[in-house]
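Numbering (the working numbering), first residue to last: 700 to 903.
Beta carbons: idealized from backbone N, C-alpha and C, even for Gly.
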């Protein structure tokens, strides 16, 4: 079983997220893709996120109809920041025979050495690297050097070719706050959910 692990705040989930997940599923021949909403992202300590249950509900709406996609809420009740290495370790504990593949943007490779236990991350999962329009390419040699990883130590990296759509959750929140359209940036089901709950919308 090959499982893609796609973590993030998903505040809110948008079509760019879904395109990335589907391209990873197809190109890396994944059996499943798990969307893992973060409860307390360590790299966003100062920003207030929409409540976890709203972000998880929007993910469920967005992936409805794709049997290969699922939402994993394991970070919801875990105390402290949502560290990727802890999430991967728990997923591996639950499914010890599964082959985990962490889906990350190419910009993240420059920062991964600053994450909690980066060597633990790459020991638990392969990396599926998705290009970002504003990110510089990072070679495997440079990435290994940033982690202090020798050239003979195991490392699985795979580059995923993906349409580079510049859609950002922050822009969607801004548009909604200004009363502007987000049509075709998010799924219609998520758009209806946001309208119903009044999330991110300007307050009267």
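Distance check for residue j and residue i, CA to CA, integer angstroms please.
i           : j           : result
residue 793 : residue 799 : 12 angstroms
residue 848 : residue 858 : 19 angstroms
residue 752 : residue 866 : 23 angstroms
residue 733 : residue 899 : 25 angstroms
residue 766 : residue 887 : 19 angstroms
residue 772 : residue 706 : 11 angstroms
residue 806 : residue 828 : 9 angstroms
residue 817 : residue 846 : 7 angstroms
residue 851 : residue 822 : 14 angstroms
residue 839 : residue 826 : 11 angstroms
residue 881 : residue 721 : 21 angstroms
residue 853 : residue 844 : 13 angstroms
residue 928 : residue 758 : Outside the shown range of the chain (700 to 903) lies residue 928, about which nothing can therefore be said.
residue 841 : residue 860 : 21 angstroms
residue 856 : residue 784 : 17 angstroms
residue 895 : residue 756 : 13 angstroms
residue 735 : residue 770 : 6 angstroms
residue 787 : residue 824 : 7 angstroms
residue 714 : residue 796 : 31 angstroms
residue 660 : residue 731 : No answer is possible for residue 660: it lies beyond the span of the chain, which begins at 700 and ends at 903.
Tell me the residue span of the beta strand (DSSP E) that contains residue i.
i           : result
residue 858 : 856-859
residue 803 : 798-804
residue 849 : Here residue 849 belongs to no beta strand (DSSP E), and DSSP marks it neither H nor E.
residue 837 : No beta strand (DSSP E) contains residue 837, which DSSP labels as neither H nor E.
Roughly how far, in whole angstroms, is the beta-carbon of residue i from the beta-carbon of residue j, given that I think they are within contact range, below 8 angstroms?
i           : j           : result
residue 775 : residue 738 : 6 angstroms
residue 802 : residue 704 : 7 angstroms
residue 815 : residue 782 : 4 angstroms
residue 741 : residue 708 : In fact, because the Cβ distance is near 11 angstroms, the residues do not count as touching under 8 angstroms.
residue 728 : residue 754 : Incorrect: roughly 28 angstroms between the Cβ atoms, too far for contact.
Among the residues of its own chain, which have a CB less than 6 angstroms from the CB of residue i, if the five just before and after it don't count?
i           : result
residue 831 : 804, 805 and 806
residue 726 : 859
With hydrogens ignored, establish whether the beta-carbon of residue i is closer than 6 angstroms to any heavy atom of the ligand NAP.
i           : result
residue 739 : No copy of the ligand NAP occurs in the structure displayed, which carries no ligand at all.
Grab me the residues of residue i's own chain with a C-beta within less than 8 angstroms of its C-beta, minus the 5 sequence neighbours each way, in chain order.
i           : result
residue 761 : 712, 716, 717, 885, 886, 888 and 889
residue 872 : 710, 711 and 899
Identify, in the order they occur along the chain, each residue of the same chain with its Cβ nearer than 7 angstroms to the Cβ of residue i, setting aside the five sequence neighbours on each side.
i           : result
residue 875 : 881, 893, 899 and 900
residue 812 : 845 and 846
Name the two residues that bound the continuous alpha helix (DSSP H) containing residue i.
i           : result
residue 820 : 817-823
residue 876 : 868-876
residue 810 : Residue 810 -> no alpha helix (DSSP H), and no H or E assigned at all.
residue 893 : 887-896
(message) What ranges does the beta strand (DSSP E) occupy inside the region 700-731, keeping only unbroken runs of at least 3 residues that lie completely in it?
(response) 701-707
(request) Output the residue ranges of the beta strand (DSSP E) runs that lie fully inside the region 738-795 and measure 3 residues or longer, sorted by chain position. (result) 768-770
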